[in-house]
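See below for the structure under consideration.
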Amino acid sequence: MTQNTTCIFCDIIAGRAPAHIIHEDSLSLCLLDINPYTKGHCLVIPKRHVPWWHDLTEEETNSLFSVARIVSQKIMEVYRPDFVSLFARGRRIPHTHIFLIPTFGDDMIDRFFNALERFQEAPPELMKLRDKATMEDVARSLKIT
-18 MTQNTTCIFC DIIAGRAPAH IIHEDSLSLC LLDINPYTKG HCLVIPKRHV
32 PWWHDLTEEE TNSLFSVARI VSQKIMEVYR PDFVSLFARG RRIPHTHIFL
82 IPTFGDDMID RFFNALERFQ EAPPELMKLR DKATMEDVAR SLKIT
């Protein structure tokens, strides 16, 4: 696997840094987040150093989401949250990682996403994005044929 010697996730994969590893396959690894939002908050990372998730190979993408699904099912079994939030990161630590966060009704994560939804509904700049002509233009630009 391609490793970056200045990347904490690459150090974990190479065994140079400690981690609480939950599950892994040949292409991906799941570990507990050292700054959890809630009990059971995990990260799923590719074993190859890839800053942006859209640069993963199809095989790596499949592995990442397969590991995320397996671990999410275990989180559901053990902690019984309402659901497991999943979102991709890579900005602060430039190594693709997926957050798996057990989410319970009205906990901090649930309130965050509720606030984000209210924000999305309010600003005039975002309202312009919903305009029919804008939506049609964006759909036309992004359509994969």
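Counting from -18, one number per residue, gives the positions in the sequence shown under our numbering.
Positions of the beta carbon are idealized from the N, C-alpha and C atoms, including for glycine.
In this text, all values refer to a predicted model and were calculated from it rather than measured experimentally.
N- and C-terminal bounds of the beta strand (DSSP E) containing residue i
| i | result |
| --- | --- |
| Ile(-6) | It is not in any beta strand (DSSP E) - Ile(-6) instead sits in the alpha helix (DSSP H) that spans -11 to -6. |
| His4 | 2 to 5 |
Reference residue i, options the options, closest by Cα
| i | options | result |
| --- | --- | --- |
| Ile51 | Phe85, Arg111, Cys11, Phe94 | Cys11 |
| Val65 | Cys23, Pro105, His76 | Cys23 |
| Ile56 | Asn95, Ile3, Thr(-13), Pro32 | Ile3 |
| Ser9 | Phe68, Leu37, Pro75, Ile82 | Leu37 |
| Asn16 | Lys113, Leu97, Leu81 | Leu81 |
| Arg29 | Cys(-9), Asp87, Leu107 | Cys(-9) |
| Leu45 | Ile(-7), His78, Tyr18 | His78 |
| Ile(-6) | Pro27, Asp112, Arg61 | Pro27 |
| His1 | Glu39, Asp14, Pro104 | Asp14 |
| Gly21 | Asn43, Gln54, Ile(-11) | Gln54 |
Contact with chain D by residue i, beta-carbon distance below 8 Å
| i | result |
| --- | --- |
| Arg61 | Any reference to chain D falls outside this structure, which holds one protein chain only. |
Residue i, buried or exposed, once every other Cβ within 10 Å from all chains shown has been counted against 16
| i | result |
| --- | --- |
| Arg72 | exposed |
| Val59 | exposed |
| Thr115 | exposed |
| Val48 | buried |
| Gly86 | exposed |
The ligand HEM heavy atom lying under 7 Å from the CB of residue i
| i | result |
| --- | --- |
| Asp88 | Absence of the ligand HEM is noted for the structure shown, with no ligands found whatsoever. |
Where residue i falls: helix, strand or coil (DSSP)
| i | result |
| --- | --- |
| Phe115 | Inspection of the sequence shows that residue 115 is occupied by Thr rather than by Phe. In the structure shown, Thr115 sits in a helix (DSSP, three-state: H, G or I). |
| Lys124 | coil |
| Ala(-2) | coil |
Where the alpha helix (DSSP H) containing residue i begins and where it ends
| i | result |
| --- | --- |
| Pro105 | 105 to 109 |
Exercise. Whole beta strand (DSSP E) runs in the stretch 9 to 92 with 3 or more residues, listed along the chain?
Worked result: If we require 3 residues or more, the beta strand (DSSP E) runs fully inside the stretch 9 to 92 come out as 9 to 13, 23 to 27, 64 to 70, 78 to 84.
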